[in-house]
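Everything below concerns the one structure shown next.
Numbering (the numbering used here), first residue to last: -17 to 196.
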């Protein structure tokens, strides 16, 4: 019976993971999931806690993670390393990628240099875009595009660093890092200070306008 119960529980978990929601948790859903895991008796008081920490939600989650442990995984981010894309996400990502590829950020590099052509060095210019995306009034997510063009940076390791820094979910999808929450400025700063990318190569997407972080 125990084996059968275990199999049923695993099957239920697998079925739940296979159904990916269309958007990340709201802040309220995120807090409910946290307390459901660690302090179920506090679930009923979530509204009051959110009201108390309005505007300071990130600090709240930092404190909770430090006290109790890591946040439960948002089903929206589960399996996001796979090649299967959500149609809505794909449209956004393709648009961002096209914008990234079309940006003429280092036109001076196109000038011919004596002897450079003969070497045929396959050099990739580093261009990193950080943008905030919000859908259907859900909690925002921060997207990082182009970090794979920075030498020596592994996206999965960078994603783990972001997850630890912001005490929330972070995942890699199609060479793009998706971080739960609005961390536009903080992510750009971390890319420069922790990963050693030049500020001239990091750009913030502010309502469709790319602004250099330098």
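All C-beta atoms in this analysis are idealised placements derived from N, C-alpha and C, irrespective of residue type, glycine included.
Around the Cβ of residue 33, are there at least 16 other Cβ atoms within 10 angstroms (buried) or fewer (exposed)? exposed
Pair every Cβ in the segment 150 to 159 with every Cβ in the segment 174 to 190, then say whether three or more of these pairs are closer than 8 angstroms. no
Own chain, CB closer than 7 angstroms to residue 115, minus 5 neighbours either side, in chain order: 74, 122, 123 and 125
So who's on the other strand from residue 113, going by DSSP bridges? 125 and 187
DSSP on residue 139, reduced to helix/strand/coil? helix
Taking only the alpha-carbon atoms, compute the straight-line gap between residue 49 and residue 135 and give it to the nearest angstrom. 31 angstroms
DSSP three-state label for residue 157, please. coil
In the structure shown, what three-state DSSP assignment does residue 179 receive? coil
Does the segment 170 to 185 come close enough to the segment 126 to 145 that 3 or more CB-CB pairs lie under 8 angstroms? yes
Thinking C-beta only, is residue 53 closer than 8 angstroms to residue 43? yes
Name the two residues that bound the continuous alpha helix (DSSP H) containing residue 44. 39 to 50
Bridge partner(s) assigned by DSSP for residue 162: 123
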